[in-house]
Amino acid sequence: MSKALLEVKNLSMHYDTMEGNVDAVKNISFEVNSGESFGLVGESGCGKTSVAMTLLQLQPDNSVITQGSIKLDGKELIGLSENDLRKVRWDSISIVFQGAMNAWNPVIKIGEQIREAMREHYPENTKQENMNKIIELFRMVGLDESTTDRYPHELSGGMKQRAVIALALSCDPKIIIADEPTTALDVVIQDQILNEIKKVQDLLGLSLIYISHDIAVIAEMTDKIAVMYAGSIVEMGPTKDVFKNPIHSYTRALLDSTPSIRGEKKKLKSLDGEPPSLINKIEGCSFAPRCPNRDTECNPSEHMRLVEVNPDHFADICSQGK
Amino acid sequence: MADNLIEVRNLVKHFEVSKSLFSRNKKIVKAVDGISFDIKAGETLGLVGQSGCGKTTTARSLCLLDPKTSGNINFYNPDSQNMESFDNINEDGLKTFRRNIQMIFQDPYESLNPRWTIKDIIKEPLDIHNIGSLSEREEAIIEILRTVGLTPPENYLGRYPHEISGGQRQRVSIARTLVMKPKFVVCDEPTSMLDVSIRISIMDLMLNLAKELEVSYLYITHDLAVARYMCNRIAVMFNGKIVEIAETEELLQNPIHPYTKRLISSIPIPDPSFNREKYLINFDELDKIISNNPDEKMVDIGGGHFVATHNTKEFFIES
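As they're listed, the protein sequences go chains G and B.
Per our numbering, the first sequence starts with residue 1, numbered consecutively.
Per our numbering, the second sequence starts with residue 323, numbered consecutively.
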């Protein structure tokens, strides 16, 4: 059996707030193999970004990891010292944040900002070596060499986001986490950025964790997906299988509510209600209050667990979920 | 036959921006550069294009929020039952106009006053236009809350915007707009800030209300998949010009203009086994061709499908 590059097991995390504990991540397990694209999909507040932050051990101070492990290349990340973590971050696993293009320092040239990160990780490299690497990366993401000499305000949103991707690649990571990297961009630019991500991923053999609420983007970008709802993974499997044969009612609802420009124009179905607040403990099926397939035989307090319904395809099963 | 509600002819909106703080040379940004279209009563026209193409400027000109530079906009005045030009609107006319043309904004977090209750927010336009007695206004508010699905209405009247969710806020925006019983509503990406599962319910609500209250929409979006769901016809905008306009399915099945093709080919398809064909164009080249042909006319290729040819044949050669 090939060993997974990233192995997350039974991970749970909550935020300690004035109003009580917010269970943002509940007992999540997944694996990402080398070169694979893994998609995390769900609505805002479902815990997607919390998972990403926990993977990098960048979660805020009020968060508590209650159980689980995150193994990268067989090495446990939880409990590592800040010094050891610095070596893991960017060298092994890097992230493109949502809206990261707005995080550039406005008074420092783009190339200089990337070199700063590289200096930290490759103190032995000369300035020229690093600069050459940056220029090579810029070409890879479709930016002109001269862009390194520009200030952030001179670039368009799409160009800034490309530069962020170059920054994420600057220390040769094995995994890139892309957290809604195209949400603030319009469709044509989004298309270009997605192409760029796919291209560098193939070229460098990277693993990708792609986080989005957009089912259509996830369909195109990933080999495997996990659907998250209220902090839990409710369905996980090869992207094609999940789209062809969705099991969980929430997955089906997501697919039914996504408009497309292809095929018959179909009536889309909306989901009633709102996602539950994670501050209240939810016993059993968290989707029950909104589930369109709920009936009298359904027992919402029944404890849910992921069941392998097809090879590699897991879903939270209740009596209605078939 | 449906009559036109709005007629736009050669609408131009230029902004003057000075190149630098001390420079005397004014630079002109041609945000909207000579566009024409009609909107029929009860119809939804989609206006799609990338950010910065002039969609929102068009919307603001239509609502008289920004004065146009030149061109003509005619609006059907239900009081006089005539098409009236925006240029001839007097004080009284302006009131009628504002009652009949309303706008829904993109961001439900920023477009509602955080210190006002839902009731105050919806009541404001009624107060300004002095519609009905106080008790009639109360009734109108309760009825419109019910119409937009905020039930029971009594539970929402006293609440503040921060106490309700994003989807509910957008419903309040819609209620505030429709309480005036307008004939025409300009919607500027009203669902782009909402989550997928909530987005559809807002889109369905707007479609139902269009039928029920006989409202026409100008629906602005950059997402063709959303436009397909909402609109009868779609106009595609590029750099301040409309390059193609047609019935929705006709435009999607049979796009002619290279920019439309590029736009369609960049929409991700929610089907992992489908391989999207890429159609790439050189935007700078297209921009050059367009600015070299300032006076060109749209060509009717039948069935209300109009396309800008830029006096050149090369676009129409199929590869």
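Each residue gets a CB set at the ideal place from its N, CA and C atoms; glycine is no exception.
Give me whichever residues DSSP pairs with residue i in a beta bridge.
{"i": "residue 622 of chain B", "result": "B:628"}
{"i": "residue 229 of chain G", "result": "G:232"}
{"i": "residue 478 of chain B", "result": "Its beta-bridge partners do not exist; DSSP assigns none."}
{"i": "residue 215 of chain G", "result": "Residue 215 of chain G pairs with nothing; no bridge assigned."}
{"i": "residue 394 of chain B", "result": "B:331"}
{"i": "residue 359 of chain B", "result": "B:330"}
{"i": "residue 509 of chain B", "result": "B:426, B:541"}
{"i": "residue 89 of chain G", "result": "G:93"}
{"i": "residue 113 of chain G", "result": "According to DSSP, residue 113 of chain G bridges with nothing at all."}
{"i": "residue 601 of chain B", "result": "DSSP output for residue 601 of chain B lists no bridge partner at all."}
Between residue i and chain G, is there a C-beta pair that is closer than 8 Å?
{"i": "residue 544 of chain B", "result": "yes"}
{"i": "residue 550 of chain B", "result": "yes"}
{"i": "residue 354 of chain B", "result": "no"}
{"i": "residue 611 of chain B", "result": "no"}
{"i": "residue 547 of chain B", "result": "yes"}
{"i": "residue 334 of chain B", "result": "no"}
{"i": "residue 427 of chain B", "result": "no"}
{"i": "residue 625 of chain B", "result": "no"}
{"i": "residue 606 of chain B", "result": "no"}
{"i": "residue 598 of chain B", "result": "yes"}
{"i": "residue 556 of chain B", "result": "no"}
{"i": "residue 574 of chain B", "result": "yes"}
{"i": "residue 456 of chain B", "result": "no"}
Going by DSSP, what residue range makes up the beta strand (DSSP E) through residue i?
{"i": "residue 559 of chain B", "result": "555-560"}
{"i": "residue 58 of chain G", "result": "That residue, residue 58 of chain G, is in no beta strand (DSSP E); it is neither H nor E in DSSP."}
{"i": "residue 288 of chain G", "result": "Counting along the chain, residue 288 of chain G falls outside any beta strand (DSSP E), and DSSP gives it neither H nor E."}
{"i": "residue 308 of chain G", "result": "306-310"}
{"i": "residue 122 of chain G", "result": "Premise fails: residue 122 of chain G is in no beta strand (DSSP E) and is neither H nor E."}
{"i": "residue 496 of chain B", "result": "Counting along the chain, residue 496 of chain B falls outside any beta strand (DSSP E), though it belongs to the alpha helix (DSSP H) covering 488-500."}
{"i": "residue 406 of chain B", "result": "404-407"}
{"i": "residue 38 of chain G", "result": "37-41"}
Compare the Cα-Cα distances from residue i to each of the options and report the closest residue.
{"i": "residue 605 of chain B", "options": "B:590, B:583, B:597, B:595", "result": "B:583"}
{"i": "residue 8 of chain G", "options": "G:254, G:20, G:32, G:24", "result": "G:32"}
{"i": "residue 402 of chain B", "options": "B:367, B:391, B:419", "result": "B:419"}
{"i": "residue 214 of chain G", "options": "G:311, G:129, G:194", "result": "G:194"}
{"i": "residue 284 of chain G", "options": "G:77, G:99, G:317", "result": "G:317"}
{"i": "residue 543 of chain B", "options": "B:498, B:512, B:613, B:327", "result": "B:512"}
{"i": "residue 265 of chain G", "options": "B:455, B:614, B:549", "result": "B:549"}
{"i": "residue 314 of chain G", "options": "G:278, G:243, G:216, G:171", "result": "G:243"}
{"i": "residue 571 of chain B", "options": "G:41, G:38, G:261", "result": "G:261"}
{"i": "residue 331 of chain B", "options": "B:473, B:394, B:554", "result": "B:394"}
Buried or exposed: residue i, going by 16 or more other Cβ atoms within 10 Å of its Cβ?
{"i": "residue 165 of chain G", "result": "buried"}
{"i": "residue 52 of chain G", "result": "buried"}
{"i": "residue 412 of chain B", "result": "exposed"}
{"i": "residue 247 of chain G", "result": "buried"}
{"i": "residue 407 of chain B", "result": "exposed"}
{"i": "residue 321 of chain G", "result": "Any reading at residue 321 of chain G needs caution, since the residue's pLDDT is 47, under 50, leaving its predicted position unreliable; the model's value is listed next. Burial call: buried."}
{"i": "residue 48 of chain G", "result": "buried"}
{"i": "residue 431 of chain B", "result": "exposed"}
{"i": "residue 590 of chain B", "result": "buried"}
{"i": "residue 602 of chain B", "result": "exposed"}
{"i": "residue 468 of chain B", "result": "exposed"}
{"i": "residue 17 of chain G", "result": "exposed"}
{"i": "residue 207 of chain G", "result": "buried"}
{"i": "residue 74 of chain G", "result": "exposed"}
{"i": "residue 146 of chain G", "result": "exposed"}
{"i": "residue 484 of chain B", "result": "exposed"}
{"i": "residue 400 of chain B", "result": "exposed"}
State yes or no: is the beta carbon of residue i nearer than 8 Å to at least one beta carbon in chain B?
{"i": "residue 8 of chain G", "result": "no"}
{"i": "residue 243 of chain G", "result": "yes"}
{"i": "residue 239 of chain G", "result": "yes"}
{"i": "residue 73 of chain G", "result": "no"}
{"i": "residue 181 of chain G", "result": "no"}
{"i": "residue 43 of chain G", "result": "yes"}
{"i": "residue 143 of chain G", "result": "no"}
{"i": "residue 153 of chain G", "result": "no"}
{"i": "residue 200 of chain G", "result": "no"}
{"i": "residue 322 of chain G", "result": "Residue placement at residue 322 of chain G is poorly supported in this model, since its pLDDT is 45, which falls under 50; the coordinates still yield a value, given next. It does not; no Cβ of chain B falls within 8 Å."}
{"i": "residue 258 of chain G", "result": "yes"}
{"i": "residue 248 of chain G", "result": "no"}
{"i": "residue 188 of chain G", "result": "yes"}
{"i": "residue 40 of chain G", "result": "no"}
Since residue i is in the alpha helix (DSSP H), which residue starts that stretch and which ends it?
{"i": "residue 518 of chain B", "result": "518-535"}
{"i": "residue 15 of chain G", "result": "Careful: residue 15 of chain G lies outside any alpha helix (DSSP H), inside the beta strand (DSSP E) at 6-17."}
{"i": "residue 383 of chain B", "result": "377-384"}
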